[in-house]
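Enquirer: Heads up: the sequence shown is residues 1 to 277, going by UniProt numbering. Just so it is clear, CB atoms sit at the ideal spot from N, CA and C, and this is done for glycine as well.
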Amino acid sequence: MRRRHVLLGLGAAGTVGVAGVASTLVGTIKLRWWATERAALYPGLRERVESYVERAFESLRISVDVSFGGTVSFRTENAYRLVVDGTWPRRLLTGTSGRRFDAVDGVNLLVTDGSMRNAPTGAGIPYVAAVGGAAEIVRAPPAEATDVVVPDRFSLRTIQVLLHECGHALGLRHDHGTIRTEEGAAIVSPMVSGYPWAPAAVRRAQFDYEESRCGDPYPPVRGKKPRLLLRFDECARTELARFRRPTGRPLPSESDGETDQSLSPAATCLRPCDAHR
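1. Are there 16 or more other CB atoms within 10 angstroms of the CB of A169, so buried, or fewer, so exposed?
2. Over what stretch of residues does the alpha helix (DSSP H) that includes E234 continue unbroken?
3. Taking buried to mean at least 16 other C-beta atoms within 10 Å of its own C-beta, is S155 buried or exposed?
4. Looking at the strands, I want to know which residues DSSP matches up with G167.
5. Quick one: what's got a C-beta closer than 7 Å to G44's C-beta in the same chain, skipping five residues either side?
6. Do G177 and E239 count as a contact pair if the criterion is CB distance below 8 Å?
7. Whole angstroms are fine: how far does the CA of A185 sit from the CA of R222?
8. Please work out which residues of its chain come closer than 7 Å, Cβ to Cβ, to E136, disregarding the five sequence neighbours upstream and downstream, and give them in chain order.
9. K225: buried (16+ other C-beta within 10 angstroms of its C-beta) or exposed?
10. Using DSSP with H/G/I as helix, E/B as strand and the rest coil, what is M191?
11. State the beta-bridge partners of D65 as determined by DSSP.
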């Protein structure tokens, strides 16, 4: 897809969330990511981001082309705010003085040094995603030394949230994820993430489903030990094999000061967060 088409899509990506998209089949999923100047200070960030993203797709017979776009400066490290107020999408559109941002026709991800202690910690809209937690990402073990199903540790949950927001950028909803129970544990895929353990009001707003989009019932998780799947599962595969072209209203201007509450931010940790270091 030509860059002009990508930019036209980004310009229409003011609808926060994944509603109102049409699908076009494509082959390789392209993902380009940038780091804020603060996030880029953490040694090993690039290796962690790219290795976990590549592995998240490998079992689904979907190839992913991951590239690094460089560093970028913002006044805030709040990843959620940078998406929902239009700052990050507009930066992709307009660039800065003397610099153009080459957006890709897939996921344009921003990683910041924002806190992962209080949700929402990131956001994903068609073509665009952002997540905080650079400090936590580099604390995660190397992807090649980690199973695809892992304990619910804070650094690993941050990795799953990163995948979650990338999923939103590709058109996935929360019910494209699955919950599998075994041996007293509930294994949640990236699009489900921590929602089954969230407060009731959050569950009603963000995860009010009895079954996945693939027809698999969501089992109760009460009393189950949470475990995290760090790859997209088969339920997400059909949608991940499709390119999402957004349609919607224009992005809000910076002067609007609005936060679009229709976005689906990812819950980042079970309560209390400190128990999941």
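Expert: Reading it off the structure:
1. In summary, A169 is buried, with 16 or more beta-carbon neighbours lying within 10 Å of its beta-carbon over all protein chains present.
2. Counting along the chain, the alpha helix (DSSP H) containing E234 begins and ends at E234 to L240.
3. Buried, since its Cβ has 16 or more Cβ neighbours within 10 Å.
4. Beta-bridge partners assigned by DSSP to G167: none are found.
5. Cβ within range, chain order: V138.
6. The answer is no: Cβ separation not under 8 Å.
7. It is roughly 10 Å from the alpha-carbon of R222 to the alpha-carbon of A185.
8. If we look at E136 and ignore the five residues flanking it on each side, its Cβ neighbours are M116, F154, S155 and T158.
9. A residue is called buried once 16 or more other Cβ atoms fall within 10 Å of its Cβ, and K225, having fewer, is exposed.
10. The answer is coil: DSSP assigns M191 none of H, G, I, E or B.
11. By DSSP's assignment, D65 forms a beta bridge with K30.
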